[in-house]
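Visitor:
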Amino acid sequence: MRAADAVPQDTIRDRRCYRFARPRDRCKRGHLLDVQRNHAAIAAGAGSGAPRESFGARSEAGVQLVQPDRRLCRGVQLPDVPGPTAIAAHRIFGANLSYQGQTLSSEGLEVSGSYFPVLGLQPALGRLIGPEDDRMVGESHVVVLSHAYWSSRFASDPNVLNQPMIVNGQTLTIVGVAPRGFDGTTLGSRPQVFVPITLRAFMEPGFKGFDKRQTYWAYLFARLKPGTSIESARAALGTQYKAIINDVEAPLQKGMSEQTMARFRAKPILITGGPRGQSSVEGEASTPLKLLFGVTAFVLLIACANIANLLLAKSSARSAEMAVRLSIGASRGQLVAQLLTESVLLAIFGGLAGILVAGWTLSLIGAMLPAEVTRTLAFRIDSTVMLFAGALALGTGVIFGLFPALHSTRPDLVSTLKGQAGQPSGARGAKWFRLVLATAQITMSMALLAAAGLFAKSLLNVSRVDLGLKAENIVTFGISPELNAYTPDRSRVLFQRLEEELAATPGVTVVTTSLVPLLAGSNWGNSVAVQGFQQGPDTDNSSRFNEVGPGYFRALGIPLMSGREFTASDTITAPKVAVVNEEFVRKFGLGRDAVGKMMGSDSGSSSKLDTLIVGVVQNAKYAEVKQKIPPLYFRPYRQDPDVGSMSFYVKTSSDPKQVLVALPGVVKRLDPNLPLENVRTLIQQVKDNTYLDRMMSTLSAAFALLATLLAAVGLYGVLAYTVAQRTREIGLRMALGAAPGRVRRMVLSQVAWMTAIGAAIGLAGAIGVGRAAESLLYELKGNDVWVFAISAVVLSTTALLAGFVPAHRASRVDPMRALRYE
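Residue numbers for the sequence shown follow my numbering, beginning at 1 and rising by one.
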């Protein structure tokens, strides 16, 4: 096992990563520019008879380890590490699947023979991959299907066993089906097939990192032996990790500055809980999920406050009934239990209705998400959700029904039985409690309105971003022939033939290609050397890059500022050329003389200026709509000796739907076993790139609207009840000469101060929400004054409208009838 810092490589990239750009953690293996140091994780749990205690060790330098329980382990032994006893490895890979002429671009998982035994899993059909599949590299040509893939593609046919299927150009024998519900050990990844890790060179023939020390391609997990604590495992692993770093890896790192070497040696190995599997999706999704959970909690509290107010009003009306029951011998506990039962039943019915609404809401949320996310993350209401909903309904029913129940059963029988209906003992306290609840609803509504306003304005900012290119009437898709064992030369020929076939398709005006898919979250790059640019040991000389086909800039509407585009003559035998963007020119100080300068890759220890800059193009977005445009250089893909995967961009003269339908047939004529990946319009790709902004804006706006309406209803209910309780007082005031307008002002003044107090407290909450959400906002501060001001105006207007009807009703009270009112 090695754990060392990944040093800058000549070209930091992984040709498979773009296939699974969302979630983006899926292919971060030390090849992308932003992830030069991998995460290592060790997830472990105690064995039989002891409490399960899992841990994960994450190093910014390493590999991920996966180890089995000692009862199940038949794999590699680690006798010098107290705790883990054996390891199991896995690695995600891009999978081109073909069965009886039907193809699919998906994910697969390369696993060691100890993988399934470590997890204690049993097959749904046939057998799983076991230790016998680890004996010889490349010998065991078998595949295990995921249960979901078996159900959808094979209709759960048991006769699928021993049938051949093609995975990445290799004919494998189906030997089993994984258990239902098992989707691997990486959140955000749902592999369709499992193959022995000994087939890794066959599954990923274009990957050159299996034998490089700087590349960490396997992820591992482990279980602790019974009685072993996380602390002891952390200490043991930390000691060994430090020894490996300082004694083995550090001396091998050439060209590092003293500061970089010091950081390299000081990096610790981090131990964390690992029951959820290996993934950074949880960390990436933590902030938006916490915000959405907080928003829904606010809405729930507002609804509960409404119910509590209604129950409190009802309890006041039933105070005489409760007094009679108490007077004839009923205990207070019995009455409280009866009233709590009523409130709990109300909450349960509401919870059941909420589950129905939740199912509908989930479908709406799924429609807002990219296809990659919905394929890899399950959105369903399962038993855990049902139990949580039931517990929540029960808890809210008890908590918010308790005070009204206690209030209506207070044992002050004399004053109640004297006929003081509507003024039972504790009426003043109940009145203030109702007002506090209504004010609290206004407070939470203010916070939610501000959050919705922030996300709405952020989305507006995103929609106004200048992409620097024209995305209209462009269809995009990808293919990875290298996964089907194509050589680079054969792949290059296929790409050129496909360009020609697509260009001949009716309705197509331009066809071009790109190694890195546009606006798909992929950041590829390396360190470069540029003629005339002086750099020191710690100088930032990094740049993003892409490899594109002829006509790329013309097809995407990216203006050429000077020089020329790539042409079909820029082949592998021609002199190396590059086109750079304006940001590249600025960063490396090329000025107006960029065209004609030389550049090349910088590996740290050496650099070679072997590429001529032949053009400069205008800045355009690269990986993310919200990302600042990086320095970027382009090379012709036809000059790449290792080309193996490509994204195509097909510009049409009109609606691209017809071209979308024709694409599979065009590719199938060239290779029937080659599936298409990520087929969509470029407009849809842009939308998918900003799906989180749209989802947060839509959901926060919906919740804020619901919360404001609930608060308005609650405020109306409180005021209507208060006016009803004060009917005699209002009648007396009017009998003594109070004008209707004064009565209206009296009621609305109560609304005004409740709104003012609620909005002021809510503003403080809104500032807190804004700070929490600031990382999700685009070109917007979390304390935007205009957003808060508009939110306050909307809330105040809604509150005044809610209070106007009770105020108007109070102003029309007949004094004589009011004085006789009981």
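Positions of the beta carbon are idealized from the N, C-alpha and C atoms, including for glycine.
Buried or exposed: which applies to Gln334, given that a residue is buried once 16 or more other Cβ atoms fall within 10 Å of its Cβ?
Guide: exposed
Visitor: On the DSSP letters alone, give me the boundaries of the beta strand (DSSP E) that Phe834 sits inside.
Guide: Since the displayed the chain opens at 1 and closes at 822, residue 834 lies outside it and no answer follows.
Visitor: Taking the straight line between their C-alpha atoms, what separation do you get for Tyr486 and Leu352?
Guide: Their backbone Cα atoms lie some 55 Å apart in a straight line.
Visitor: According to DSSP, is Met446 part of a helix, a strand, or is it coil?
Guide: Note: Met446 maps to helix in three-state DSSP.
Visitor: Does the Cβ of Asp211 have 16 or more other Cβ atoms within 10 Å, making it buried, or fewer, making it exposed?
Guide: exposed
Visitor: For Phe495 versus Val548, is the C-beta distance shorter than 7 Å?
Guide: 7 Å or more divides the Cβ of Phe495 from the Cβ of Val548.
Visitor: In whole angstroms, what is the alpha-carbon distance linking Met598 and Phe584?
Guide: Answer to the nearest angstrom: the Cα atoms are 13 Å apart.
Visitor: Does DSSP classify Gly596 as helix, strand or coil?
Guide: coil
Visitor: If you follow the beta strand (DSSP E) that Ile689 is part of, which residue opens it and which one closes it?
Guide: Ile is not the amino acid found at residue 689; the sequence shown has Asn there. Segment 682 to 689 is the alpha helix (DSSP H) holding Asn689; no beta strand (DSSP E) there.
Visitor: Locate the alpha helix (DSSP H) running through Arg332, then write down its first and last residues.
Guide: 332 to 368
Visitor: Given a cut-off of 7 Å on the beta-carbon distance, is the pair Gly714 and Gln441 in contact?
Guide: yes
Visitor: Throw me the rounded Cβ distance for the Leu668 and Pro631 pair, which I believe falls under 8 Å.
Guide: Here residue 668 turns out to be Lys, not Leu, going by the sequence shown. The pair is not a contact, with the Cβ atoms about 39 Å apart (cut-off 8 Å).
Visitor: Give the C-beta separation of Gly101 and Pro672 to the nearest angstrom, bearing in mind that I take them to be a contact with Cβ-Cβ under 8 Å.
Guide: 6 Å
Visitor: Would you mind stating whether Asp677 and Gly521 have Cβ atoms separated by less than 7 Å?
Guide: According to the sequence as given, residue 677 is Glu; it is not Asp. In this structure, Gly521 does not lie closer than 7 Å to Glu677 by Cβ.
Visitor: In the DSSP assignment, what residue or residues form a beta bridge with Asn96?
Guide: Checking the DSSP bridge columns, you'll see Asn96 partnered with Ser105.
Visitor: When we look at the beta-carbon of Trp786 and count the other beta-carbons within 10 Å, is it buried (16 or more) or exposed?
Guide: exposed
Visitor: How long is the line joining the alpha carbons of Leu777 and Arg771, rounded to whole angstroms?
Guide: 10 Å
Visitor: For Ala789, does the three-state DSSP call read helix, strand or coil?
Guide: helix
Visitor: Identify the residues that DSSP records as bridge partners of Lys651: which are they?
Guide: Ile474, Val510
Visitor: Less than 8 Å between the CB atoms is what I'm expecting for Pro370 and Asp688, so what's the real figure, rounded?
Guide: 4 Å
Visitor: Taking contact to mean at least 3 C-beta pairs separated by less than 8 Å, is the region 381 to 392 in contact with the region 353 to 363?
Guide: With a cut-off of 8 Å, the region 353 to 363 and the region 381 to 392 count as touching, because enough Cβ pairs lie within range.
Visitor: Is the beta carbon of Ile302 less than 7 Å from the beta carbon of Ala712?
Guide: no
Visitor: Counting Cβ pairs closer than 8 Å, one from the region 164 to 178 and one from the region 227 to 244, do we hit at least three?
Guide: no
Visitor: In this structure, what does DSSP give as the bridge partners for Arg635?
Guide: Glu547
Visitor: Assuming the contact rule is C-beta atoms closer than 8 Å, Asn96 and Asn484 should be a hit. Round their C-beta distance to whole Å, please.
Guide: 6 Å
Visitor: Between the Cα of Leu119 and those of Leu392, Leu109, Thr185, spot the shortest distance and give me the residue it belongs to.
Guide: With respect to the C-alpha of Leu119, the residue from Leu392, Leu109, Thr185 having the closest C-alpha is Thr185.
Visitor: Considering just the uninterrupted stretch of the alpha helix (DSSP H) at Gln170, what are its terminal residues?
Guide: First-last for Gln170: 170 to 177, but that is the beta strand (DSSP E), not the alpha helix (DSSP H).
Visitor: Quickly, what does DSSP pair Ala88 with across the bridge? List them, please.
Guide: Phe221
Visitor: Kindly indicate which three-state DSSP category Met165 falls into: helix, strand or coil?
Guide: strand
Visitor: Here's the rule I'm using: 16 or more other beta-carbon atoms within 10 Å means buried, otherwise exposed. How should Arg58 be labelled?
Guide: Only weak support is given to the placement of Arg58: the predicted model assigns it a pLDDT of 35, under 50, and the value that follows is read from those uncertain coordinates. Arg58 is buried by the Cβ-count criterion.
Visitor: Is it the case that the region 185 to 196 contacts the region 222 to 235, given that we only count it when at least three CB pairs across the two stretches are under 8 Å?
Guide: Because the criterion of three Cβ pairs below 8 Å is not met, the region 222 to 235 and the region 185 to 196 do not touch.
Visitor: Using the Cα positions of Thr409 and Ile365, report the straight-line distance between them to the nearest angstrom.
Guide: 45 Å
Visitor: Considering only residues of the same chain and omitting the five flanking positions on each side of Arg554, which have a CB-CB separation below 7 Å?
Guide: Val510, Glu565
Visitor: Nearest to Gly557 by alpha carbon, out of Ala471, Asn783, Gln531, Asp489?
Guide: Ala471
Visitor: Taking the alpha carbon of Tyr99 as the reference point, which residue from Asn168, Leu732, Gly468, Ser319 has its own alpha carbon closest?
Guide: Asn168
Visitor: Keeping to the same chain, check which residues put their C-beta closer than 8 Å to that of Leu310; ignore five residues upstream and five downstream.
Guide: Cβ neighbours of Leu310 beyond the five flanking positions: Gly717.
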